[in-house]
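Asks: In the working numbering, the protein residues as written are 1 to 150.
Every residue gets a Cβ at the ideal spot worked out from N, C-alpha and C, and that includes glycine.
These figures come from a predicted structure and were not determined experimentally.
I am attaching a structure below and will ask some questions about it afterwards.
What follows is the structure, given as structure tokens:
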């Protein structure tokens, strides 16, 4: 009887360990691996849950992100490369990506990730925007960047 109890307990632990390995949010997401180029960038300014201002930015054409396992390289036109690391994890039912490059760490909400495109967002600290000649302030500023897979 004791042997059956310990066998079932052992099998339960093995099953739980296998489930944890399958759902570990710190493991790199294989669909992000590869070369990604910025396609578009925008900043949205929000007041009382309403979009009050939106700015389109020119994408950084001279920058390519190369994700491989847990490392990331930012390749610039002209051959300059910056190595770093990244990590994908879940927080409050959202998938997040942390990118660490020398001297900087950035956390983004991973909004969409397909075989050909990726979208991430980041809340900005600076919520000021220019409306004509007037400088206004919003409650929230959201930076969104869209990438295409090369």
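(1) Does the beta-carbon distance from residue 143 to residue 53 come in below 7 Å?
(2) Taking the alpha-carbon positions, what's the residue 30 to residue 127 distance?
(3) Measuring CA to CA, which of 138, 56, 64 and 46 is closest to residue 79?
(4) Helix, strand or coil, according to DSSP, for residue 49 in the structure here?
(5) Report the rounded CA-to-CA distance for residue 94 versus residue 86, giving the unit in angstroms.
(6) By Cβ distance, which residues of its chain are closer than 8 Å to residue 58, with the 5 residues on each side in sequence left out?
(7) Which residues does DSSP list as the beta-bridge partners of residue 83?
(8) Residue 111 and residue 100: beta carbons closer than 7 Å?
(9) Please determine, among 62, 51 and 37, the residue with the shortest C-alpha to C-alpha distance to residue 139.
(10) Please classify residue 76: is it buried, with 16 or more other beta-carbons within 10 angstroms of its beta-carbon, or exposed?
(11) What's the gap between the Cα of residue 46 and the Cα of residue 141?
(12) With a threshold of 6 Å on Cβ separation, who are the neighbours of residue 34 within its own chain once the five nearest residues in sequence on each side are excluded?
(13) So the candidates are 90, 91 and 103; which of them puts its Cα closest to the Cα of residue 82?
(14) On the DSSP bridge assignment, give the partners of residue 31 in chain order.
(15) Mind checking residue 114: buried by the 16 CB within 10 Å criterion, or exposed?
(16) Hey, out of 117, 55 and 146, whose CA is closest to residue 132's CA?
Replies: The answer reads as follows:
(1) Residue 53 sits away from residue 143, with the two beta carbons spaced by 7 Å or more.
(2) Residue 30 and residue 127 have their C-alpha atoms spaced approximately 34 Å apart.
(3) Among 138, 56, 64 and 46, the Cα nearest to that of residue 79 belongs to 64.
(4) Reduced to three states, the DSSP call for residue 49 is coil.
(5) So the alpha carbons of these two residues sit roughly 16 Å apart.
(6) Same-chain partners within the cutoff: 41.
(7) In DSSP, residue 83 forms a bridge with 73.
(8) For residue 111 and residue 100, no; Cβs fall outside 7 Å.
(9) When each option's Cα is compared against that of residue 139, the closest is 51.
(10) Exposed.
(11) Distance between the alpha carbons of residue 46 and residue 141: 6 Å.
(12) Non-local C-beta neighbours of residue 34 in its own chain, meaning closer than 6 Å and more than five positions away in sequence, comprise 149, ordered along the chain.
(13) Measuring from the Cα of residue 82, the nearest candidate turns out to be 103.
(14) Residue 31 has no beta-bridge partner at all, per DSSP.
(15) Looking at its Cβ environment, which holds fewer than 16 other Cβ atoms inside 10 Å, residue 114 is exposed.
(16) By alpha-carbon distance to residue 132, the top candidate from 117, 55 and 146 is 55.
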